[in-house]
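1 is the number of the first residue of the sequence shown in our numbering; add one for each residue after it.
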Amino acid sequence: MAGGDQNGTANVSYTEFLLDIPGLGSAHSWLMLPLGAMYLISFVGNSTILAAIRAGQGLCAPMYLFLAMLALADLALSASTLPSMLSVFLLRSGAVRAEACFAQLFFIHTFSVTESAILLAMAFDRFVAIWNPLRYASVLTGSAIAKMGLAIVLRAVILHLPLPFMLRRLKYCGVKALSHSYCVHPDVLKVACSDTRPNSAYGLFVLLSTLGLDSVLILLSYGLILRTVLSIATWRERLKALNTCVSHLCAVLLFYTPLLSLSMIHRFGKKRKASPQVYLLLSYLHFLLPPVLNPVIYSVKTKEIRRRVLGMLCRKGSGARLQL
């Protein structure tokens, strides 16, 4: 390849990575069908949630503003993985330039951390709503939510902005085949043939200070929520309070369960020789499942969202019948 030097390394300006899922063979073609369906459901579902919140006069409470942020993060996360997915599964072309790969991993990790922070903000929202409902609207004002949203975005962007530049400093040699159909930081580090310890250390710092810290704070929030609920007099009121957290708990489990499973496999999988396909499956579940199922969960469990979505569908159905 052009750009190689005497040591067999390649200048990043001329480097291409190969995106693929090992072991699939001829299964790429039919696998595009379920993947395409997941992207379509994600786009339609999250767009419908945004449209329902925007059109609903009573859907301006903090909970729905955070839900709109979550839908936007899900759309952005799906859009970040979609281009290379289409290239690999539909066009059967897995070659991607290094600069494009670095840009993709920046957006994937940025939007993933953004979603994690939004889930933390939603946990805080549920805690305030249960702990002191009379002060709920005065604590989570529109200005406060806007500042939280800005802080969430700035944290994700600032922490991940150095990643592409740090990766450009590395040398890449040999077969540069990645094990996913999209670029992620740990996968790119595996194909570098220079010292990656600074990159690994910084990646670990970002992981612990974002996803790690967020998960601990979410757990703490639910500990406080549980303590508050147990202090309520009647069981009916306790169940009513906990029912307001079900949708958020499902979203948290969808996001963090594959991530924690990956961490456990990385920690203990070497001794038990975990299959590479297990890593891949959990990675795909982490990035693809939340954008697909979050709109479904909130549409089913949140009465106001369900009413608004059904109302929008009924109006569209009536309009179509009138045209006929």
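Note that CB positions come from ideal geometry on N, CA and C, so glycine has one too. Being a predicted model, the structure only gives us computed values, none of them experimental.
Let me know if residue i comes out buried or exposed under the rule of 16 or more other beta-carbons within 10 Å of its beta-carbon.
i, result
"residue 176", "buried"
"residue 234", "exposed"
"residue 94", "buried"
"residue 125", "buried"
"residue 74", "buried"
"residue 278", "exposed"
"residue 152", "buried"
"residue 314", "exposed"
"residue 311", "exposed"
"residue 283", "buried"
"residue 89", "buried"
"residue 34", "exposed"
"residue 141", "exposed"
"residue 91", "exposed"
"residue 223", "exposed"
"residue 130", "buried"
"residue 5", "Because the pLDDT at residue 5 is just 46, under 50, the model does not fix this residue reliably, and the value given afterwards should be weighed accordingly. Under this definition residue 5 is an exposed residue."
"residue 19", "buried"
"residue 205", "exposed"
"residue 158", "exposed"
"residue 138", "exposed"
"residue 309", "buried"
"residue 230", "exposed"
"residue 117", "buried"
"residue 199", "buried"
"residue 201", "exposed"
"residue 132", "exposed"
"residue 37", "exposed"
Give the secondary structure of residue i by DSSP, where H, G and I count as helix, E and B as strand, and everything else as coil.
i, result
"residue 193", "coil"
"residue 172", "strand"
"residue 329", "Only positions 1 to 324 of the chain appear in this structure, which leaves residue 329 out of reach."
"residue 146", "helix"
"residue 95", "strand"
"residue 294", "helix"
"residue 204", "helix"
How far does the alpha helix (DSSP H) with residue i in it extend, from its first residue to its last?
i, result
"residue 100", "98-131"
"residue 220", "213-230"
"residue 139", "136-139"
Roughly how far, in whole angstroms, is the beta-carbon of residue i from the beta-carbon of residue j, given that I think they are within contact range, below 8 Å?
i, j, result
"residue 70", "residue 243", "Between residue 243 and residue 70 the Cβ distance is about 19 Å, and since that is not below 8 Å, they are no contact."
"residue 156", "residue 114", "5 Å"
"residue 248", "residue 122", "5 Å"
"residue 103", "residue 164", "7 Å"
"residue 218", "residue 134", "Residue 218 to residue 134, Cβ: 24 Å. No contact."
"residue 184", "residue 108", "6 Å"
"residue 72", "residue 291", "Not quite, the Cβ-Cβ distance comes to about 11 Å (not below 8 Å), so this is no contact."
"residue 43", "residue 98", "Their Cβ separation, rounded to whole angstroms, is 29 Å, which puts residue 43 and residue 98 out of contact at 8 Å."
"residue 64", "residue 53", "5 Å"
"residue 182", "residue 85", "7 Å"
"residue 192", "residue 171", "7 Å"
"residue 298", "residue 67", "6 Å"
"residue 246", "residue 303", "The pair is not a contact, with the Cβ atoms about 12 Å apart (cut-off 8 Å)."
"residue 259", "residue 211", "7 Å"
"residue 110", "residue 180", "In fact, because the Cβ distance is near 17 Å, the residues do not count as touching under 8 Å."
Could you check where the beta strand (DSSP E) with residue i kicks off and where it finishes?
i, result
"residue 242", "Residue 242 -> not in any beta strand (DSSP E); alpha helix (DSSP H) instead, spanning 235-243."
"residue 161", "Segment: none, residue 161 is in no beta strand (DSSP E) and carries neither H nor E."
Contained alpha helix (DSSP H) runs [length at least 4] in the region 42-89, N- to C-terminal order: Here the runs fully enclosed are 62-89.
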